[in-house]
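Notes for the one structure printed next.
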Amino acid sequence: MTLFRLGYVSMSVQVENCSPSQTVTWKSFSNISDRDAAIGKVRSVAQSNIENCLRLLKHNNANGIKFFRMSSRIIPLATHEELADWDYKAELTPFFQELGGYARKKGMRVGFHPDHFVVLNTPKKEVLKQSIYNLVYHYNMLAAMGEEPVHKCVLHIGGSYGNKEESLERFIENWAKISPRIQNTVILENDDKTFNVEDVLYLSEKLEVPHVFDLHHHAANHNDSDWTKYWERIVDTWKHSPSPVKIHISSPKSEKQFRAHADYVDSEMFRQFMKEVSGTIPQVDCMIEAKQKDAALFKLVEDLKKDPDIKWHEGAVFETQ
DNA sequence: CGCTGTCAAGACGAA
DNA sequence: TTCGTCTTGACAGCG
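Converting from the first sequence to this note's numbering requires adding 33 to each position, the first position being numbered 1.
Right, dumping it as structure tokens:
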């Protein structure tokens with residue numbers, strides 16, 4: 034018996050005018066001569082983003098969706114050094130509290146996937162510094178929400194820099210320079226070009242970091258295409274986590290653009306995955322990464338409803354034998 | 001009003 | 001070494 038929860042990424046294609054990623058660019062910030070007014074602009078955009086994120090959570094709850102990836106762009110310019118003196122935490126905490134309070138009350142799992150500028154295996158000191166600063170920003174948002182800031186930020190291992198083995202080892206060296214509280218926010222995903230499941234498992238097991246397995250990336254980048262032989266080890270990386278195993282699901286856009294995300298996910302592919310996983314663990318949370326966002330999730334649910342073996346709990350939560 | 005180019009941030013490969 | 005591309009949603013600017 035396995036409980037599946039489906040989630041989706043950041044924004045809805047159904048709820049209108051509800052972007053949680055409105056922004057103020059550095060360029061437009063700089064064009065405002067009154068700095069207080071400029072900060073005010075950033076503050077109001079951030080508040081609006083948090084409000085819209087809350088509206089999305091309410092939309093999710095109404096549809097039985099208990100799993101969600103929040104936008105990393107909630108606070109524009111939060112990690113820009115020119116705004117380092119702005120205490121966004123103090124000013125925005127009440128808004129984040131409401132957001133986190135709602136998620137908690139409804140039993141929702143929320144998390145982040147920081148942008149690709151966060152590269153922990155970089156050889157450049159400055160890039161590592163900025164990356165850690167970016168993770169601190171994510172930590173601060175989680176803390177302000179009252180969320181336990183553990184295993185909530187999905188990252189890739191990083192670049193290969195011409196030598197994959199060295200770059201894998203550099204991750205470990207750099208990891209040692211990061212405080213435990215920030216280390217604890219991180220979970221690691223296999224990518225579609227360089228670091229495959231075996232590489233992530235190597236780090237995950239060594240550093241005790243849960244591995245977020247991405248099925249689509251695995252199809253694009255693997256040593257052995259049969260992922261099931263890694264499954265037990267993947268599950269094992271979650272044994273000390275407060276959260277259930279997390280998986281990424283998406284389908285290739287086309288044969289030619291294999292690595293790009295399709296509008297929807299292939300429900301046959303999902304069904305295959307579901308069959309393999311059923312019975313191996315009590316619960317798995319599946320992040321649907323598709324261009325059509327929540328609409329793709331709803332379409333998958335429609336398809337899965339035809340399956341008589343599935344027992345439905347809520348809109349996007351179900352149980353298999 | 002709608003289309004196009006630009007936007008904090010990194011990595012990579014082509015020229 | 002420099003530049004375009006990747007990828008992506010928002011937005012400013014332009015016609």
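We put the CB at the ideal spot given by N, CA and C, even for glycine.
For R106, three-class secondary structure by DSSP:
Here DSSP, grouped into helix, strand and coil, assigns R106 to coil.
Taking 8 angstroms as the threshold (C-beta atoms), are S63 and N27 in contact?
Residue 27 lies beyond the residue range present for the chain, which begins at 34 and ends at 354; the question has no answer from this structure.
CA-to-CA distance, E84 to N50, given in whole angstroms:
N50 and E84: Cα-Cα distance of roughly 12 angstroms.
Three or more beta-carbon pairs under 8 angstroms between the region 119-139 and the region 168-178, yes or no?
The region 119-139, when compared against the region 168-178, does touch it at the 8 angstroms Cβ threshold.
Going by beta-carbon coordinates alone, are S104 and M44 separated by less than 8 angstroms?
Yes, the pair counts as a contact, with Cβ atoms nearer than the cut-off.
Between which two residues does the beta strand (DSSP E) holding D247 run?
244-247 is the extent of the beta strand (DSSP E) around D247.
Which ranges does the beta strand (DSSP E) cover as unbroken runs of at least 3 residues, wholly within the region 308-342, from first to last along the chain?
Runs of the beta strand (DSSP E) inside the region 308-342: 316-321.
Residues in its own chain within less than 6 angstroms of T126 by CB, not counting five upstream and five downstream?
Residues of the same chain with a CB within less than 6 angstroms of the CB of T126, apart from the 5 flanking positions on each side, are A177 in chain order.
DSSP on I280, reduced to helix/strand/coil?
Of the three classes helix, strand and coil, the one that applies to I280 here is strand, per DSSP.
Alpha carbon to alpha carbon, what distance is there between A70 and D225?
The straight-line gap from Cα to Cα measures roughly 43 angstroms.
Which residues in the same chain have their Cβ closer than 7 angstroms to the Cβ of I211, if we skip the five residues on either side of it in sequence?
Excluding residues within five positions, the ones whose Cβ falls inside 7 angstroms are I165.
Tell me whether H184 sits in a helix, a strand or coil according to DSSP, three-state version.
H184 falls in the coil class under three-state DSSP.
Beta carbon of I314 nearer than 8 angstroms to that of T35:
It is a contact, given that the beta carbons lie within the stated cut-off.
Confirm, please, whether the CB-CB distance from G40 to F128 is below 8 angstroms.
Their beta carbons are not under 8 angstroms apart, which means F128 does not touch G40 by this criterion.
Keeping to the same chain, check which residues put their C-beta closer than 8 angstroms to that of L132; ignore five residues upstream and five downstream.
Here the set comprises I83, C86, L87, L90, M178.
Taking all protein chains shown into account, do 16 or more other C-beta atoms lie within 10 angstroms of the C-beta of R214, making it buried, or fewer, making it exposed?
Exposed, since its Cβ has fewer than 16 Cβ neighbours within 10 Å.
With DSSP as the reference, identify every bridge partner of G40, one or two as the case may be.
In DSSP, G40 forms a bridge with F100, M320.
By alpha-carbon positions, which one of N167, R142, N154, G144 ends up nearest to P109?
Sorting N167, R142, N154, G144 by C-alpha distance to the C-alpha of P109 places N167 at the top.
If we ignore side chains and look at the alpha-carbon of each, how far apart do Q80 and H146 end up?
One C-alpha to the other measures close to 20 angstroms.
Please work out which residues of its chain come closer than 6 angstroms, Cβ to Cβ, to S300, disregarding the five sequence neighbours upstream and downstream, and give them in chain order.
Cβ neighbours of S300 beyond the five flanking positions: L333, D336.
For the region 194-232, list the beta strand (DSSP E) runs that are entirely contained and at least 3 residues long, ordered along the chain.
Listed in chain order, the complete beta strand (DSSP E) runs (minimum 3 residues) inside the region 194-232 are 219-222.
Look up V169 in the DSSP assignment and give the residues it is bridged to.
Looking at the DSSP assignment, V169 forms no beta bridge with any residue, so it has no partner.
What are the uninterrupted segments assigned as beta strand (DSSP E) that are 3 or more residues long and contained completely in the region 101-152, given in chain order?
You should have 142-144.
Beta carbon of L248 nearer than 8 angstroms to that of L236
The answer is no: Cβ separation not under 8 angstroms.
Buried versus exposed call for F150 [16 or more other C-beta atoms within 10 Å across all chains shown]:
Flag for F150 reads exposed.
Going straight from the alpha carbon of M302 to that of I282, what length do you get?
Rounded to whole angstroms, the separation of the alpha carbons of I282 and M302 is 9 angstroms.
If you draw a straight line from the alpha carbon of T227 to that of S287, how long is it in whole angstroms?
Cα to Cα, T227 sits roughly 20 angstroms from S287.
What separation, rounded to the nearest whole angstrom, lies between the Cα atoms of E114 and E159?
Each residue's alpha carbon lies about 12 angstroms from the other.
Identify the residues that DSSP records as bridge partners of V357: which are they?
Absent from the model: residue 357. The displayed extent of the chain is 34 to 354, so no value can be given.
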